[in-house]
Each structure stands twice: as C-alpha cells, then as structure tokens.
Amino acid sequence: MVRASQSFGGIAKIVYLCKHIMDNKQKALELGQKPVGSLLAQYALPAIVAMTASSLYNIIDRASIGQVVGADAINGLTVTFPFMNLSGAFGAAVGVGASTCISVKLGQRDYQTAEHLLGNTVTLNLIVGFLFMAVSLVFLDPILRFFGASDVTLPYAREFMEVILAGNMITHMYFGMNAVLRASGKPRHAMYATLFTVFMNIILVVCFVWWFRWGIRGAALATVTSQTLALCWQMWVFSDKRELLHLKRGIYRLKANLVRNIISIGISPFLMNATACVIVIFMNNQFKRYGGDMAVGAYGIANTMGMLFFMFVIGINQGMQPIAGYNYGAKKYDRMMRCLNLSILSATAVMTFGWLLAMLFPGAMARIFTTDQTQIQMAAEGIRLNMVLFPVIGFQAVITNFFQCIGRVKISIFLSLSRQLLFLLPLVLVLPLFWGLRGVWVSLPASDGVASVVTAIVMWRYMSKIKANG
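Numbering (my numbering), first residue to last: 1229 to 1698.
What follows is the structure, given as structure tokens:
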C-alpha cells in the first residue's frame, strides 16, 4: 500500500509538472494569438511601471545626495554617468541579446534551445560582470579624471563607484534575469523584481543617507543591497522546475553558436550604451570647460529629468520586444506591424507630456536636486533645451528597438550610432566654439532632430520593401 501510494503520488506530481509546463507554453503561444493591443498593454505596462519606478529611485538617490551632501556631490555623481553607461552596455549585450534570442526561439517552439540560452546568459553575466569590475577598480582614479572629474569632485565620484563596482556582477545578473523574465512570458515578475528593488532602495537611502549620514557611499550601498535581494528572488523563480524555462544542470556551459547569436543581437544595445558613454564623457568635459563643475552638475540634473520620461519609452520597447520578436519568428508580419504602430503612438504621447512639463516648470524640476541658486538656474535652462524636441524622439527610439527585435542588427546599429556619434559628437565639439556653454546645450536637441529625420527615412524605405514583397 505504501509503495502504491508513493507511486500514485509520483504520477500525480508528473501530471502536475506537465500541466504547469503546458500552461507556460500556452502563455508563450498567446504572443501570436491574443489581440495586439491587449498584449502590448499586458507586457508594456509592467515594464513601464518598473522602468519609471527605477527612474524615480535614481531621482530620489540624486536628490538625497544633493540636498544632504551638497552641490559638489551632485557634480561628482554626474561624473560617474559614463561608468554607468559603459556597465549598462556590457549588461545589455548579454541581457537584451539573450532575451531577444529567447523570444524568437519561443516563437519557433524550440524550447530546448531557449533553456540553454538561459544558462548561457547566467554564465556570460558572471564573466562579463567580474572582468568589468576588476579592470575598473584597478584604474578607477585615471578613468574618473578622463570622465571629467576635478580635484573637488573626484573624492565623491570615487566613493560612489567603489561600492557600485564591487557589486557589478550582481547588477549585471539582476538586469539580465529581468530581461529573460520578460522574454519568457513573465512581465509581471520582472515588474515585481524592479518595484521591490526601487522600494527597498528608497528605504535604504533614507536610512543610509538621511539617518546614518553615510553620504554618497551610502546611496551606492543602498543600490547594490536592493539589487542583491531582488536577484535572490529572481534566481528562486528560475529554480522552479515547473517553469517552461528553469535553471538546471547542463545548460551553463557556453556554446559558441548561442553566444554568437546573443552577441550579434546584443551588439546594437551595447553600441548604443557604449556610444552614450563616449558622448557623456565629451559632454562632461565640455560642460566643465565652458561652465565649470556647476555646469556638469546641471547637466546631470537635466539628464536625470529627461530620463524619467525616456524610461517610459524604454518600458514600451521592452513590452514590444517579445511580441515583435515572437511574431517575426512565427512570420505573422501583420501583427508585428500593429505592435510597432501602437508602440510609436504610445511613446510619442509620453514624450509630448514630458516636453510640456519641461517647458512650463523647469525651475521646479531643478529645485528637487539642489538649493544652490546658480545650479538651479543652469539646470532649468538645460532642462528646457534638452527636452525641446522630445515629441519626436520617442519615434526614433521605438524604431531603433524594432529593428533590433526582428534581427536587423545592422540597421539598428546604424540608427543607434547616428544620433550620438554622427550628429551629437560633432555638434558638441563645434557649437560651443560659437555660443559657449549654450552651444553645448543646443547640441542635444539639434542631434535629436537630425536623427529623427534619418530614422523616418530608413523606416519609410523598409516599409516600401515590405509592401513590394506583398
């Protein structure tokens, strides 16, 4: 009787596991069946909430540093932006590349390859995260000087980055696992992980910066600690054997073809972030040259406020990615295009709202971060100039991400690089020669406008080819 009972229990467990796996497969199949509008809302809203919350905790971090530690700390924090872009570049090369590959494989119902992609994502994140941390810590001070740090801002920048780099492997793994959660049909889980990180970070910032007075190092420690806790939960989710994609033996060994596919897709967001790193270095040094440390800090404030609204667009892109990738893999091109059009419309509406706030209340935005009147005036002008063409750049960001989603890597890379390397870099070097500090600011919207025109032309040509092929 005992053996019979154990046997029945084992069969019941197998049936339950099979049912759970089939449910997860059905969720993946829904990407090619449910109405596109409902799908985009289902996938994009959690990502938007998560990305916006992430942007808000950056604002709280920087506002806390500016209000408690002072304007010099905000200036020093701005110097670290290129580091964050560069770290994000390597993280995106793995996370975005892997999640896109997984979406396509799920669309093709190749579940075994999708699972091996998950394992390779874990291994790549560990390797890349460790190497980036080790090299950066060894050459930290020279790198920060190159990024625009002065004798005044270097100590603040160093304090912040020592902690952030120590937790770099955790950061890479956390963002990589969140991307895979979305690709595997779990956008809500990705949202929960991000929201937990945000709320935990806010609590820890209050404790470490406002209460314990640990300064800029406390803000960095709050970020790493909150991401560590969220990563533990993510790994627990992926350890569940009932999931369609789950961690198990035999999937972690790197396979050349999988790594090649991940990197070939991930090279576009990598170059986008790496180029952003180069541009921010030039921007920091130009602001330092024409306006001093205060101008560098004002740029940091303007950039932070702009990113609050751009995070909405990133969330829309993240919601679009599994839908567009799946339907492209399944050759359902009409659904793919409906998803793209809805994404463009949503991104444009969000960025237009951000533009309206920036035109009306730039001073109020700047006062969130500092009480220094000189910096407030600089930041208010910068916010207006930085966001003056926001209504058109949502389109540019969505189209660039769309080409990445469908594997048109060369087009995505070109559009990613055009705004920053081909347009912004020459403008930020030339315009200040005529207009000084204002020329540095004007280079931002000028490059946005030109890049949007180029993107529209590229998309028009691609659509013409689709129509010609029937």
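Every residue, glycine too, gets a C-beta built ideally from N, C-alpha and C.
Given this structure, state the Cα-to-Cα distance separating Met1250 from Gly1325, to the nearest angstrom. Here the question's residue 1250 lines up with position 22 in the sequence shown. Here the question's residue 1325 lines up with position 97 in the sequence shown. Below a pLDDT of 50, predicted positions are generally treated as unreliable, and Met1250, at 46, falls in that range; the measurement from the model is reported next regardless. Using only the alpha carbons, I get a separation of about 26 Å.
Option in Phe1318, Ile1287, Lys1695, Ala1299 with minimal Cα separation from Ala1210: Beyond the ends of the chain as shown, which are 1229 and 1698, falls residue 1210; an answer cannot be given.
Buried or exposed, going by whether 16 or more other CB atoms sit within 10 Å of the CB of Ala1592? The sequence position of residue 1592 within the sequence shown is 364, counting from 1. Ala1592 should be labelled exposed.
For Gly1176 versus Ile1444, is the C-beta distance shorter than 9 Å? Since the displayed the chain opens at 1229 and closes at 1698, residue 1176 lies outside it and no answer follows.
Please state if the CB of Thr1306 and the CB of Asn1501 are separated by a distance shorter than 9 Å. Locating residue 1501 in the sequence shown gives position 273, where the first residue counts as 1. Locating residue 1306 in the sequence shown gives position 78, where the first residue counts as 1. Taking 9 Å as the Cβ cut-off, Asn1501 and Thr1306 do not qualify as a contacting pair.
At which residues does the alpha helix (DSSP H) containing Thr1425 begin and terminate? Your numbering for residue 1425 matches position 197 in the sequence shown. From DSSP, the alpha helix (DSSP H) with Thr1425 extends over 1415-1433.
Excluding the five sequence neighbours on either side, which residues of its own chain have a C-beta within less than 6 Å of the C-beta of Val1620, listed in chain order? Here the question's residue 1620 lines up with position 392 in the sequence shown. So the qualifying residues of the chain are Ser1680.
Got a sec? Which residues, its chain only, sit under 6 Å from Gly1534 by beta carbon, not counting five neighbours each side? Sequence index remark: in the sequence shown, residue 1534 carries index 306 (1-based). Closer than 6 Å at the Cβ level, and outside the excluded window around Gly1534, lie Asn1614, Met1615.
Pair within 9 Å by beta-carbon distance, Ala1385 and Leu1365: Within the sequence shown, residue 1385 is the residue found at index 157, counting from 1. Within the sequence shown, residue 1365 is the residue found at index 137, counting from 1. Contact: no.
Ser1574 and Leu1267 - do their beta-carbons sit closer together than 9 Å? Looking up residue 1267 in the sequence shown gives position 39. Looking up residue 1574 in the sequence shown gives position 346. Not a contact, by the Cβ cut-off of 9 Å.
Identify which residue in Gly1335, Thr1349, Gln1270 has its Cα closest to the Cα of Val1487. For this step, residue 1487 is matched to residue 259 along the sequence shown. Of the candidates Gly1335, Thr1349, Gln1270, the one whose C-alpha sits nearest the C-alpha of Val1487 is Thr1349.
Count the other CB atoms within 10 Å of the CB of Arg1689; is the residue buried (16 or more) or exposed (fewer)? Taking the sequence shown and counting its residues from 1, one reaches residue 1689 at position 461. Exposed, since its Cβ has fewer than 16 Cβ neighbours within 10 Å.
Contact under 9 Å by Cβ, Leu1457 with Thr1425: Against the sequence shown, residue 1457 aligns to sequence position 229. Against the sequence shown, residue 1425 aligns to sequence position 197. Contact flag set, yes.
Near Val1356, which residues of its chain fall below 7 Å by C-beta distance, leaving aside the five closest residues on each side in sequence? Against the sequence shown, residue 1356 aligns to sequence position 128. Same-chain partners within the cutoff: Phe1318, Val1322, His1400.
Using 8 Å as the threshold, is the region 1270-1278 in touch with the region 1413-1427, meaning 3 or more CB pairs across them? yes
Spatial distance of Ser1282 from Leu1423 (CA atoms): Taking the first residue of the sequence shown as position 1, residue 1282 is located at position 54. Taking the first residue of the sequence shown as position 1, residue 1423 is located at position 195. Rounded to the nearest angstrom, the two C-alpha atoms are 8 Å apart.
Please list the terminal residues of the continuous alpha helix (DSSP H) segment that includes Gly1376. Here residue 1376 refers to the residue found at position 148 when the sequence shown is read from its first residue. Here Gly1376 belongs to no alpha helix (DSSP H), and DSSP marks it neither H nor E.
In whole angstroms, what is the alpha-carbon distance linking Trp1438 and Trp1663? Within the sequence shown, numbered from 1, the residue matching residue 1438 stands at position 210. Within the sequence shown, numbered from 1, the residue matching residue 1663 stands at position 435. If I take the Cα positions, the gap works out to 40 Å.
Assuming contact is defined by CB atoms lying nearer than 9 Å, are Val1668 and Phe1515 in contact in what I supplied? Against the sequence shown, residue 1668 aligns to sequence position 440. Against the sequence shown, residue 1515 aligns to sequence position 287. The answer is yes: Cβ separation under 9 Å.
CA-to-CA distance, Leu1259 to Gly1413, given in whole angstroms: Locating residue 1413 in the sequence shown gives position 185, counting from the first residue. Locating residue 1259 in the sequence shown gives position 31, counting from the first residue. In a straight line, the C-alpha of Gly1413 is about 9 Å away from that of Leu1259.
Count the other CB atoms, across all protein chains shown, that sit within 10 Å of the CB of Ala1577; report buried if there are 16 or more and exposed otherwise. If you number the sequence shown from 1, residue 1577 lands on position 349. Its Cβ having fewer than 16 others within 10 Å, Ala1577 is exposed.
Reference Ile1507; option with closest CA among Tyr1339, Ser1331, Val1656, Thr1308: Against the sequence shown, residue 1507 aligns to sequence position 279. For the residues Tyr1339, Ser1331, Val1656, Thr1308, the minimum Cα distance to Ile1507 belongs to Val1656.
Could you give the C-beta distance for Phe1466 and Leu1449, rounded to a whole number, given that I count them as a contact under 8 Å? Counting from one through the sequence shown, the residue named residue 1466 turns up at place 238. Counting from one through the sequence shown, the residue named residue 1449 turns up at place 221. With a Cβ gap of about 26 Å, Phe1466 and Leu1449 do not count as contacting.
May I ask which residues mark the beginning and end of the alpha helix (DSSP H) holding Thr1399? For the purposes of this step, residue 1399 is identified with residue 171 of the sequence shown, where counting begins at 1. Unbroken alpha helix (DSSP H) run through Thr1399: 1396-1411.
With a CB to CB cut of under 7 Å and the five nearest residues on each side skipped, what residues in its chain are close to Val1637? Indexing the sequence shown from 1 puts residue 1637 at position 409. Cβ within range, chain order: Ser1492, Ile1493, Ile1495, Ser1496.
Entirely enclosed beta strand (DSSP E) segments - the region 1252-1313, minimum 3 residues: none
The alpha helix (DSSP H) spanning Ile1596 covers which residue range? The residue you call residue 1596 lines up with position 368 of the sequence shown. Segment: none, Ile1596 is in no alpha helix (DSSP H) and carries neither H nor E.
Buried versus exposed call for Thr1599 [16 or more other C-beta atoms within 10 Å across all chains shown]: Within the sequence shown, numbered from 1, the residue matching residue 1599 stands at position 371. With fewer than 16 Cβ atoms within 10 Å of its Cβ, Thr1599 is classed as exposed.
Are the Cβ atoms of Gly1347 and Arg1481 separated by less than 9 Å? Taking the sequence shown and counting its residues from 1, the one referred to as residue 1347 is at position 119. Taking the sequence shown and counting its residues from 1, the one referred to as residue 1481 is at position 253. Yes, the pair counts as a contact, with Cβ atoms nearer than the cut-off.
Where does the unbroken alpha helix (DSSP H) through Trp1464 begin, and where does it stop? Residue numbering aside, residue 1464 sits at position 236 when the sequence shown is read from its first letter. Note, Trp1464: alpha helix (DSSP H), 1443-1466.
Could you check if Asn1396 is buried or exposed, using at least 16 other CB atoms within 10 Å of its CB as the buried criterion? Indexing the sequence shown from 1 puts residue 1396 at position 168. Result: buried.
Just to confirm before moving on: does the CB-CB distance between Ile1572 and Phe1623 stay below 9 Å? Locating residue 1572 in the sequence shown gives position 344, counting from the first residue. Locating residue 1623 in the sequence shown gives position 395, counting from the first residue. Closer than 9 Å, so yes.
How big is the Cα-Cα spacing for Gln1648 and Phe1440? Start at 1 with the first residue of the sequence shown, and residue 1648 comes out as number 420. Start at 1 with the first residue of the sequence shown, and residue 1440 comes out as number 212. Spanning the two alpha carbons is a distance of roughly 40 Å.
Comparing alpha-carbon positions, which option in Arg1612, Ile1604, Gln1605 lies nearest Thr1580? In the sequence shown, the residue the question calls residue 1580 occupies position 352. Cα-wise, what sits closest to Thr1580 is Arg1612.
What are the uninterrupted segments assigned as alpha helix (DSSP H) that are 4 or more residues long and contained completely in the region 1546-1629, given in chain order? 1561-1588, 1590-1595, 1601-1615
For Thr1683 and Ala1362, I'd like the C-alpha separation in whole angstroms. Looking up residue 1683 in the sequence shown gives position 455. Looking up residue 1362 in the sequence shown gives position 134. Taking the straight line joining both Cα atoms gives about 38 Å.
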